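Residue numbers (this note's numbering), protein chains in the order written: chain V, 103 to 522; chain U, 17 to 483.
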């Protein structure tokens, strides 16, 4: 091998090496794109729901209440017969079996939707109005194109006759897509078309709020102590090692801790945002302390010495001068810690947040779910409609995380002083 | 009740602040003396004395009250003739009594329950009253003490700072308390578990099937049941599955992470670096449940489809899918840390290498990486400890049955999956099955602790070398 050949070979190796590096970055970026694209393409349809516009006639005989009835009377009244009578008129069905199949195309809440229309306007007796009633999950998925209709009938959830009705609806422009208010307002449900993340949103909000209230003050005080006041001795070293180790403990271990201490020993109520918040706070604490200490450390000693020189006490120099300067870094570290806590699932599963909760929690001691746990719960469900709901929940979760991280970056770039 | 008390304590504290401030001012004007601290510090002094003892007392009381009342009530119920053979029945009776007291119990109420409910009401009343009285006593005592102090013109600022410093110290102790809590809660249940299951049967058993451990009461096991239990809790398949999936993950994460770390540290322009680094770090910020969902619903079925086309049987919960996705999640842990480590290799080493005619890649391969090796190994070990502690991806995408296999297309299970599976839903405490989850947790905790310790030592040693 001549000198020139060897040099060429070495340069080729150089190019190859560079190419490997670039490819690795590219693969990582590609994966981010695939993941986001996959979730968005599956989830974006969940923000709309399919509705069937149906004519509803409020028959005095079937309803047994008068025009101008009070709210309680309407709430107690039975709208079931009205619902049946009107829904079977949506398509000219021939016999009972066909009527049953027709009724299955509407969601389980059709009766309540009719009742709500009457609650809005209690003078509807004897009148006919057109209502957009939520369609059942099967029709919803079919209409959104998530559900193949060319399968043989026994492998489909929709019968041939129901397809005929569906085509009739489409032809007469009776079927359309509306904003899916249920997805944001409702709690969990066994029916995908009625299931929503309202309960999970509130549960996550309470959990994160409690986590913030507990973890932030303790973390800031602890980091101030360790950075500014702690004497260099064995105890301080031990605390430091401890915090570093805690930050790396798998999150599921915190779930076991909460199960044993908070639920079994102190007997706090299971499945509640209170317990979730405390668990997440314990988990987030070391993760906040580490950036807090870093930002305190970044404040140059001249600031402290300047304050001490004009007669401030150690406390005054720290709390009046060092802490305000370290605050942007502290806050952005806290927000990033909270963002991690918001996406945390495993410890919440162990403290029982996987319970099926329909009601939206009204306080932190009510049983509830949370956004990531809702993702886990729905991803285990078999119905096709839940895939779309799960992806949409992930979209909500990711957008919260993006907003939080954005605020953290903004705070740091806008307010943090660079000392050079 | 507690909220009312906290509210009252807050109001007292706030009003005492203003009282203390104005009081010391008037004293200084009237007696014409120089105060030892700014007036507001006398206010702070009063606030701290008024609130901290009372709040600490309230906290301790609230922690112990339910436990004490419960033991008293169960005892009175037993004295009145209620029969319960074990702790669970006692708990049930206690819950019934509580429900009767709250008026939410609709079952049959016999005389024993009724009497106990009355006793419960009596004790609740007694405890609440004594709590209020004691708290007010504490507030009055501490306020009188502190008022006396500030009237003598004490050095209020110094005293306030001592108290606050104590508060800071206590906050930093919470981390230690958490560690202690973790260790005790894991050890406590694990010891119970190992009193039934021999620790060697656990560590070296090759069969994991905890669903067989239906025995409720550990003390009344027959010899046959004991034999059965003995080989229901073998740890080997779990550690094999966990390491196998972690190994696949590292096969993905180490090359990609290392190469992107090297590229970003050595080749990339500042602009490329500024864009690509945060985007790669997004991968670490995505919640793991999202990866789990993606692995279970997209990647798993995709591999299965590909396998079918190739004529292979691929489980839809294959170790490959879980490992691959976990590897992608771990990329930023490897890339960011190795990027940092490579950046801190001194420039003089590189310059020396260039001076003897080496190309950039030769310099990286033969000078920079050997110099940065301890740090890189440390970052890989940290990534491994992430991988074995990761829960949601494997819960959703890996299998539940404990197979001893090295075929990546079959399904395996992991330690974390088993913990979740055992503890989801209704648990009976005091069953070896539930306790085994804590034993697994302890094993996981110790394993990650050792890995982290070694990794941190390696990174620290390396940093010291070049600082």
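All C-beta atoms in this analysis are idealised placements derived from N, C-alpha and C, irrespective of residue type, glycine included. For clarity, every value in this text was computed on a predicted model and none was experimentally measured.
Residue 468 (chain U) sits in a helix when the DSSP states are folded into three classes. Following the DSSP letters along the chain, one finds residue 468 (chain V) in no beta strand (DSSP E), marked with neither H nor E.
Residue 177 (chain U) reaches chain V at 415 and 417, counting residues in chain order whose Cβ is nearer than 7 angstroms. Of the residues V:440, V:446, V:497 and V:188, the one whose Cα lies closest to the Cα of residue 316 (chain V) is V:440.
Not flagged as an interface residue toward chain V: residue 21 (chain U), since no C-beta distance is shorter than 8 angstroms. The DSSP-derived three-state label of residue 65 (chain U) is helix. Distance from the Cα of residue 289 (chain U) is smallest, within the candidate group U:351, U:324 and U:431, for U:351. Within the segment 37-56 of chain U, no residue places its CB atom closer than 8 angstroms to a CB of chain V. Legend: CB atoms of the segment 122-146 of chain V lying less than 8 angstroms from CB atoms of chain U belong to residues 122, 123, 124, 125, 126, 127, 129, 130, 131, 133, 134, 137, 140 and 141. In this structure, residue 179 (chain U) keeps its C-beta atom at 8 angstroms or more from the C-beta atom of residue 324 (chain V).
Listed along the chain, the chain V residues whose CB falls inside 9 angstroms of the CB of residue 376 (chain U) are 116, 119 and 120. Following the DSSP letters along the chain, one finds residue 278 (chain V) inside the beta strand (DSSP E) bounded by residues 277-281. Per the DSSP secondary-structure output, residue 224 (chain U) pairs in a beta bridge with U:249. Non-local C-beta neighbours of residue 158 (chain V) in its own chain, meaning closer than 8 angstroms and more than five positions away in sequence, comprise 184, 188, 216, 219, 230, 231, 232 and 233, ordered along the chain. Of the other Cβ atoms in all chains shown, 16 or more fall within 10 Å of the Cβ of residue 239 (chain V); this residue is therefore buried. Under the criterion of beta carbons closer than 8 angstroms, residue 269 (chain U) and residue 399 (chain U) qualify as touching, at roughly 6 angstroms. For residue 150 (chain V), the three-state secondary structure derived from DSSP is strand. Residue 282 (chain U) is positioned such that its CB atom lies closer than 8 angstroms to that of residue 380 (chain U).
Chain-ordered, the chain U residues with CB closer than 7 angstroms to the CB of residue 499 (chain V) read 303. Under the Cβ criterion (8 angstroms, minimum of three pairs), the segment 292-310 of chain U does not count as touching the segment 379-393 of chain U. Under the three-state reduction of DSSP, residue 233 (chain V) is assigned to strand. In the DSSP annotation of this structure, the continuous segment of the alpha helix (DSSP H) that includes residue 514 (chain V) starts and ends at 486-517.
Residue 250 (chain V) and residue 491 (chain V) do not touch by the CB rule: their CB atoms are close to 20 angstroms apart, not below 8 angstroms. Only exposed fits residue 121 (chain V), as fewer than 16 other CB atoms lie within 10 angstroms of its CB.
Inter-segment contact for the segment 52-70 of chain U and the segment 170-184 of chain U is present: three or more beta-carbon pairs are separated by less than 8 angstroms. Considering only V:311, V:287, V:107 and V:195, the residue with the shortest C-alpha distance to residue 377 (chain V) is V:311.
The three-state secondary structure of residue 351 (chain U), taken from DSSP, is helix. In the DSSP assignment, residue 208 (chain V) is bridged to V:237. If the five residues before and after residue 419 (chain U) are omitted, its C-beta is found closer than 8 angstroms to the C-beta atoms of 253, 257, 426, 427, 428 and 429, all from its own chain and listed in chain order. Under the three-state reduction of DSSP, residue 157 (chain V) is assigned to strand. Put simply, the segment 428-437 of chain V touches the segment 392-409 of chain V. At least three CB pairs are less than 8 angstroms apart.
Remark: three or more beta-carbon pairs, one from each stretch, lie closer than 8 angstroms, so the segment 57-74 of chain U and the segment 34-46 of chain U are flagged as touching. Residue 358 (chain V) has a beta carbon lying within less than 8 angstroms of a beta carbon in chain U. DSSP assignment within the segment 341-413 of chain V yields the following whole alpha helix (DSSP H) runs of 4 residues or more, N-terminal first: 353-359, 375-399 and 403-411.
Neighbourhood of residue 347 (chain V) in chain U, by CB distance below 8 angstroms: 195, 465, 468 and 469, in chain order. For residue 122 (chain U), the secondary structure class from DSSP, reduced to helix, strand or coil, is coil.
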